[in-house]
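Numbering (the numbering used here), first residue to last: 5 to 280. For each residue, glycine too, the CB sits at the ideal point set by N, CA and C. One structure below.
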């Protein structure tokens with residue numbers, strides 16, 4: 005498990021491109037027949053990818069969290085972005101098609117990921133946050149997710165938000181998770197921008213061809229920076245940072261949040277005149 009430490013905004017002002025990428029960008033998140041995890045000290049989130057191409061893969065607790073099993077003190081959100089697969093939680097198998105999600109509560113001891121077809125393996129993306137109470141495991145298909153439409157073609161940000169792990173869909177301790185899909189011709193996300201000092205966020209960008217990129221904007225509103233992000237790469241966003249992006253074509257992204265509260269609309273909006 006790779007460990008990333010928290011970053012002070014005063015220090016981030018001095019980072020060059022390589023340092024920004026080293027601290028906030030997660031590359032190579034989906035190695036075949038393996039689990040990749042990044043443990044961030046920002047609200048203790050764990051970001052991971054699992055591709056069980058030829059064999060089932062169990063989710064193990066690393067020495068970094070000093071737990072007997074992975075969800076001893078944590079909760080988990082999973083979204084499948086690959087072929088059909090299953091997540092087996094303490095003996096109960098949950099089939100996940102592409103874009104299906106699963107919430108797993110604290111206390112589940114055995115988590116096993118598997119693919120239905122080795123030629124088209126599942127690709128599981130997950131976020132995990134510390135938890136204080138146990139809630140039931142719930143599968144959330146795309147149809148069950150809470151749907152919110154935002155933006156306009158005129159502003160090049162017409163998009164649909166699918167809220168998978170959200171208080172109006174299911175109970176969780178602090179984890180909130182979902183997916184945003186931009187319509188053809190729309191390229192901006194989360195613009196006008198905002199911060200939410202009460203929780204951090206991670207973006208996984210997807211549905212991008214090889215030659216496409218997203219310019220992910222971060223930093224304090226008056227000291228913005230950017231990171232060039234490619235398909236199926238993730239960006240860690242501290243609570244003090246904006247998190248907006250513009251792509252060379254339309255795309256989707258999975259967002260996950262944890263921190264002080266679960267109120268999705270608790271945002272500190274930034275007037276366009278303040279961006280620099």
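With 16 or more other Cβ atoms from the protein chains shown falling within 10 Å of its own Cβ, residue 78 counts as buried. At a Cβ-Cβ threshold of 9 Å, residue 116 and residue 243 do not count as neighbours. Between residue 179 and residue 258, the C-beta gap is not smaller than 9 Å, which leaves the two residues out of contact.
DSSP places residue 42 in the strand class (E or B) of the three-state scheme.
For residue 143, the enclosing beta strand (DSSP E) covers residues 142-144. Residue 248 and residue 269 have their alpha carbons spaced roughly 16 Å apart. Contact between the stretch 58-70 and the stretch 148-164 is absent: fewer than 3 CB-CB pairs across the two stretches fall below 8 Å. Close CB contacts of residue 53 within its chain, under the 6 Å cut and outside five residues either way in sequence, are with 33, 34, 40 and 129 (chain order). If only uninterrupted beta strand (DSSP E) runs of at least 3 residues are considered, those enclosed by the stretch 111-150 are 115-119, 128-134 and 142-144. Residue burial is scored here from C-beta neighbours: residue 157 has fewer than 16 other C-beta atoms within 10 angstroms and is therefore classed as exposed. Here residue 23 carries a helix assignment [DSSP, helix/strand/coil].
Membership of residue 185 in any alpha helix (DSSP H) is not indicated; the residue belongs instead to the beta strand (DSSP E) covering 180-186.
Residue 265 is classed as exposed because its beta carbon has fewer than 16 other beta carbons within 10 Å across all chains shown.
Residue 259 is bridged by DSSP to 182 and 207. In the pairwise beta carbon analysis, the stretch 23-31 is classified as touching the stretch 215-235: at least three pairs are separated by under 8 Å. Looking at the DSSP output, residue 193 shares a beta bridge with 249. Of the candidates 170, 238, 68 and 86, 238 places its Cα closest to the Cα of residue 206. Excluding residues up to 5 positions away in sequence, 55, 56, 57, 58, 59 and 61 lie with their Cβ nearer than 8 Å to the Cβ of residue 37 in the same chain. If you check the CB distance, residue 274 and residue 184 do not come in under 9 Å.
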